[in-house]
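Since the structure comes first, as C-alpha cells, the remarks are kept for the end.
Here you go:
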C-alpha cells in the first residue's frame, strides 16, 4: 500500500510551485511554531498547515499527520505532567512513583506540555504536506549540482525505500502462506532475507543509474530555473508571515507563561499575528479563472476555462 | 569515426569478436564453478537490423547483452577476452555510462529500472546526465513520449503504473538519448499478451522508422520471430546458429525442438514446408496449398467422468484493495467453482484480478461482500525466492510433514542441499513444497494448489517440467512416483499470461476481465475463440477446439494435401 505521505503530482499551486518556494512557505509556518509558545499562535500555525495541505489535495497525508501529531502531543502532555512538578494548581496527586518520586500533576504542566505538543504536531503536519506535495525529483535535481554524491545516495535511497517496502510486504505474505508443517520464519531470518534482497535491488538500481549515465563526468546540465507563476505568491506569504512574526516577537507580544500560573497573552499584536498566520494557510488556494463569455458568433473560446487551466497546470508539472 | 558516419551505417551497431566472459566467483555462474558464461562469440549487428537472441535458460543471452552495454565486466566484474564495439566505441574500455548515448538496455524487471518519482523526470534523467540544455531535454522527452504513445503518463508517478506502462517508461528512458542500438532482455516476460504484442510491434516500428538496431533476447519466440530480420541461437555460451528466421526454424526442428514455435511445430508434425515464421506466413502457405479451410471439427470437451466436490466456491465475490490512492474494487462479483482434479488456467490482462482472486482464496485478502468457501489452499506467489529463508532444504521443511511435501514435488533427495544451489525449477518446486507442508493430512494433497505466474522467464524445457508437476498434483499422471495416491488429487489453478503454456497443462480456462469472469470453459474452446487469448495454432487455423500443434496437425492430415 502506498504511503499517505508519498508525493503525488496534482495540478495545484503548491505542487506547481518550485521546491524553494514551497519550502519557504511551509518553513515559515514551522518557524512561527518554534518562535512562539503561545497556544493561540500555535493553533493558528497548525490550522494554516492543515488548510494548506487540504487545499493542495493532500487530504490523506494531513489526516495521518494530524492523527500522529495528536498522539505525539498527547504523549508530550502526559510525560510533561508526570515529570514536571512546577505550577501552582495541582489537579491530581498521584502519590509516590518509582524513579519519579512524588507525582503531583499541575494544570500549568499540562498547559506547558500542550504547548510543546502543539509545536511538534505543527511541525509534523507541515512535514507531511511537504512530503506529499513537493516533487522529490525536483528537490534532488536542485541538490545535484551542490552535492553530487549526496544526491546519488539520496536518489538510491528514495528509490529503494518503496522497493524495500514492497519486498517486505511480499516476504510477509510468503511467510503467511507457508504451510503449518514448514519451519516457522523468525524475525531474524526474515530480516536477513530482506537485507539480502535489498542489496540485490540496490545493485539493480545502481546498474540502472549507471546505464542512465549517472557516473558520467559530463558538463553540468543547466537546469531550467524552476519557476512557476505561483512562486511569487508563496515567497511573498512566507516573507510577510516571517516578518510579522519577528516584529511581534521583538515587541514582546508572545506573553505566554506557564509557571507558576498560566498566563496566555491576548494582546492585539498576538491576535493579529494569529489571524495572519491562520490566513496564510489559504496561500495554496487555486484562483478560479472566469470563463470568457461567448463571442458574437456563438462559439466559445476555452482558453481560460477551468479545463484548459487544469491542463495547463498538468503540463506545468512536467515542464517546471 | 564521426557521428554522421555512424548514423549513415558506416560502422556496425554492434560488433562482437571472439568474446569470452567468466563471472567472478560467487556471481551468477556459481553453479558452473567458474565455467565461462560466453565462449568465443563473434557476430555483428548492422545499423537498423532487428536480431532475435534465442536459447534456453543460462545459455548466455543475458550475459551477452550485459557485455554489449558495458555492465559486464564494468559493473559485475569478471574476466573478459575479445572485442565488443558499439557504434565504433570500445565497450570493454568504455563504461556503461559512456556507452549510454550509443546503446539502450532494457531488462526483465521494470521495477528496478526506474529511479525517479515521476515519469517525466525518469525519461529526462539520461539527457540531464549528458549535460543537455533544458530545451533539448524537453523536446527529447516529448518526442520519445509521442513515439512510445505515453504522453498521458508523463505527469504520473512511477508507482501508479501497471507493469506494461512501467516497461514502456523504462524503454523510453533507454531510447531518449536516441541510441543506435537497443538491447532487450526478455522485456515481455511480465506482460500480458496484449501488452507483450504491443511492445514487440513498437520495437519493430522504432526499428523501421528510426533505424534503431534491436537485439532482443526472448523465450516466447512465437511473439517476435515475425518481426526479426535474423536469429542468433545461443547454446552453453556459444553461438549455435546465426541466420534468417526461416532457416532458424529448420535448424531448431533438427537440433533443438524446444526452440520451435507452435506454428512451426504444427507444420513439422503435418509435414509441411517451409516452416512459417508467424501466423501470416503460415496462413499464406496453407492458402497456397489449398488448405484455406481445414475441416471444422467440433470442439473437444473434456469432462471429468468422476465429478468431485468443489474445493473453491465463490459466489458474488467482491474484493476491494487500497494501494494508497483510492480504494478500488478489483474483483466485482466473481462467480466460480473449482473441483478436485481440475487443471484451471486463470487468464486475463494485467490488473484483471487474477492474483487478487488467488490471494483471496488463500486468505491474504478479505472479501467485502459475497460468499467464498474454500478447502485447504497452498498458494505459490510470483516470486518463489520469497519462501526460501534458510540455507538447507531440510531446515526449511523439517519432520515427516516436510518430507511428505518434498516427496509431493519430487525433491526428497535434496534434503541436504542449499536452496541457492538448486536450479530455478527446483527452487520453484521447493517453494511449493513449503506451501504444501502440513496441509497434506495423511499424505493427502490440499484441496487447492494455486500458482501465480509460475512461468516468468522460463524456457520451454522448464515449462515442460512444470506441466508434468501440475499433472501429478491434479492426478492425471502416475501419482505413485510422487508418493501421493491418486484418490487425493488436488485442483490446480494457475494464473498465467502464457497461452501456449495454458494449452499444454489446462483442462479449463477461466478468463477474467476487469474483475469479473468473462469466459469459462474447456481449454480448447476458450483458447481458440479469441484474438489475444488464443494460441498461435488457433490463430493460424481458426478452428474451434484446435489449439495445440498436435491437434492442428491432425486436422490438417484429415484435410489431406
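Chains as they are written, first to last, in the numbering used here: chain A, 268 to 587; chain B, 10 to 570. Just so you know, even glycine gets a beta-carbon here, dropped at the ideal spot from N, CA and C. Source: prediction; values computed, not measured.
Item, Value
"Over the uninterrupted alpha helix (DSSP H) stretch that includes residue 261 of chain B, give me the two end residues.", "254-264"
"Please name the residue, chosen from A:444, A:278, A:325, A:305, that lies closest to residue 533 of chain A on a Cα-to-Cα basis.", "A:305"
"For residue 323 of chain B, which residues in the same chain have their Cβ closer than 6 Å to its Cβ, ignoring the five residues on either side in sequence?", "343, 345, 381"
"Which residues in the same chain have their Cβ closer than 6 Å to the Cβ of residue 177 of chain B, if we skip the five residues on either side of it in sequence?", "157, 159"
"CA-CA distance, residue 165 of chain B and residue 402 of chain A?", "11 Å"
"Can you pull the chain B neighbours of residue 275 of chain A, defined as C-beta to C-beta under 7 Å?", "166"
"Quick check on the burial criterion: 16 or more other C-beta atoms within 10 angstroms. Buried or exposed for residue 347 of chain A?", "buried"
"Just the C-alpha distance for residue 472 of chain B and residue 413 of chain A, rounded to the nearest angstrom, thanks.", "52 Å"
"Would you list, in sequence order, the uninterrupted alpha helix (DSSP H) runs of no fewer than 4 residues that lie entirely inside the stretch 321-375 of chain B?", "363-370"
"When you compare the CB of residue 547 of chain A with every CB in chain B, is at least one pair closer than 8 Å?", "no"
"At 9 Å on the CB atoms, spell out the chain B contacts of residue 468 of chain A, in chain order.", "120, 121"
"To the nearest whole angstrom, what separates the beta carbons of residue 20 of chain B and residue 96 of chain B, a pair I think is in contact under 8 Å?", "6 Å"
"So the candidates are B:210, B:221, B:249; which of them puts its Cα closest to the Cα of residue 235 of chain B?", "B:210"
"Taking the straight line between their C-alpha atoms, what separation do you get for residue 421 of chain A and residue 476 of chain A?", "12 Å"
"For chain A, find out if any of its Cβ atoms is closer than 8 Å to the Cβ of residue 152 of chain B; answer yes or no.", "no"
"Going along the chain, which unbroken runs of the beta strand (DSSP E) with 3 or more residues stay wholly within the stretch 432-468 of chain B?", "457-461"
"In whole angstroms, give me the CA-to-CA distance for residue 8 of chain B and residue 376 of chain B.", "Not covered by the structure: residue 8 of chain B. The range shown for chain B is 10 to 570."
"Quick one: which unbroken alpha helix (DSSP H) runs of 4-plus residues sit fully inside the stretch 17-101 of chain B? Chain order, please.", "70-77, 80-83"
"How many angstroms separate the CA atom of residue 201 of chain B from the CA atom of residue 540 of chain B?", "13 Å"
"Just by C-beta distance, which residues in the stretch 428-454 of chain B are closer than 7 Å to chain A?", "443, 444, 445, 446, 447, 448"
"Where does residue 276 of chain B land, buried or exposed, given buried means 16+ other C-beta within 10 angstroms?", "buried"
"With 8 Å as the threshold, decide whether the Cβ of residue 436 of chain A is near any Cβ in chain B.", "no"
"On a Cα-Cα basis, can you pick out the residue from B:29, B:203, B:562 that is closest to residue 248 of chain B?", "B:29"
"At the level of alpha carbons, what is the spacing between residue 466 of chain A and residue 432 of chain B?", "22 Å"
"Nearest by alpha-carbon distance to residue 416 of chain B: which of B:457, B:112, B:443 is it?", "B:443"
"Taking the Cβ atom as the reference point for each residue, do residue 311 of chain A and residue 508 of chain A lie within a distance shorter than 8 Å?", "no"
"Which one of B:462, B:62, B:106 has the shortest CA to CA distance from residue 355 of chain B?", "B:462"
"Hey, how far is the Cα of residue 270 of chain A from the Cα of residue 368 of chain B?", "22 Å"
"Throw me the rounded Cβ distance for the residue 280 of chain A and residue 497 of chain A pair, which I believe falls under 8 Å.", "4 Å"
"Whole-angstrom Cβ separation of residue 541 of chain A and residue 339 of chain A, contact assumed at under 8 Å?", "No, residue 541 of chain A and residue 339 of chain A are not in contact; Cβ-Cβ is about 22 Å, not under 8 Å."
"Tell me whether the stretch 184-194 of chain B and the stretch 166-173 of chain B touch, counting them as touching only if at least three CB pairs, one residue from each stretch, are closer than 8 Å.", "no"
"Excluding the 5 residues preceding and the 5 following residue 561 of chain B in the sequence, name in chain order all residues of the same chain whose CB lies nearer than 6 Å to its CB.", "275, 546, 550, 555"
"Would you kindly check if the distance between the Cβ of residue 482 of chain B and the Cβ of residue 454 of chain B is under 8 Å?", "yes"
"Nearest by alpha-carbon distance to residue 132 of chain B: which of A:458, A:435, A:478 is it?", "A:478"
"If we define contact as Cβ-Cβ less than 8 Å, is residue 125 of chain B a contact residue for chain A?", "yes"
"Looking only at DSSP bridge pairs, what is residue 524 of chain A linked to?", "A:530"
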